[in-house]
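When you line the sequence shown up against the UniProt record's numbering, it's residues 1 to 94, in that order. All C-beta atoms, glycine included, are put in the ideal place defined by N, C-alpha and C.
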Amino acid sequence: MGISLLFSEKEGYFLTAEDSLYIHHLHRGKGIGKTLLKFLIEKAKENKIKNIIAKICAENQPSLNLHKSLGFAEVGKLCQVGYKFGRYLDVVIL
Ligand SMILES: CC(C)(COP(=O)(O)OP(=O)(O)OC[C@H]1O[C@@H](n2cnc3c(N)ncnc32)[C@H](O)[C@@H]1OP(=O)(O)O)[C@@H](O)C(=O)NCCC(=O)NCCS
Numbered sequence: 001m002g003i004s005l006l007f008s009e010k011e012g013y014f015l016t017a018e019d020s021l022y023i024h025h026l027h028r029g030k031g032i033g034k035t036l037l038k039f040l041i042e043k044a045k046e047n048k049i050k051n052i053i054a055k056i057c058a059e060n061q062p063s064l065n066l067h068k069s070l071g072f073a074e075v076g077k078l079c080q081v082g083y084k085f086g087r088y089l090d091v092v093i094l
């Protein structure tokens with residue numbers, strides 16, 4: 001399991017966070033990701049964070065579904081910015 005909540009170290013972005021969630025493959029699909037993301041959202045609210053940004057590989061349907069189920073909305077796409085396993089990957093910004 002891994003989580004983070006840093007968007008930028010630049011001072012002007014202190015009210016914006018970025019999330020990144022990783023659940024061990026043996027424990028996916030059990031509700032842990034959703035529980036953690038809800039917790040992060042609550043913590044962000046408590047700390048007056050205005051926006052949480054997620055950058056998710058366009059092919060990562062589980063993570064896209066998870067974020068959208070908790071109110072995240074697609075605002076853009078970075079085309080071919082990732083490169084894995086011999087091909088370029090798009091990244092969706094929510
Ligand atoms: C994306 C990830 C964090 C989700 O965590 P999880 O504990 O498996 O997810 P949950 O069991 O809490 O499911 C939450 C929601 O995610 C979506 N989801 C989960 N698994 C899914 C799957 N196999 N297919 C489609 N949607 C899925 C569903 O919307 C689900 O909500 P629902 O059960 O109410 O329908 C996890 O799959 C993961 O670690 N993936 C690899 C790392 C990664 O890609 N991280 C994203 C970087 S931003």
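Residue of the options minimising C-alpha distance to residue i
i   : options            : result
N13 : Y83, N51, K45      : It is Tyr, not Asn, that sits at residue 13 in the sequence shown. Closest option to Y13, Cα to Cα, is N51.
N79 : N47, S63, Y88      : The sequence as given places Cys at residue 79; Asn does not occur at that position. Selected option, being the one with the closest Cα: Y88.
L64 : H25, K84, D19      : D19
L70 : H24, D90, G31, S8  : G31
I53 : T35, K34, P62, G76 : G76
L37 : E9, F85, C57, Y22  : Y22
K43 : I93, L5, Y83, L94  : L5
I93 : A58, H24, T35      : A58
For residue i, the residue or residues it bridges with in DSSP
i   : result
G82 : L89
Under 9 Å between C-beta atoms of residue i and residue j
i   : j   : result
L15 : I49 : yes
V91 : K55 : yes
G33 : P62 : yes
Could you give the uninterrupted runs of the beta strand (DSSP E) lying entirely in the UniProt domain "N-acetyltransferase" (1 to 90), keeping only those of 3 residues or more?
2 to 4, 16 to 18, 20 to 22, 51 to 53, 55 to 57, 76 to 84
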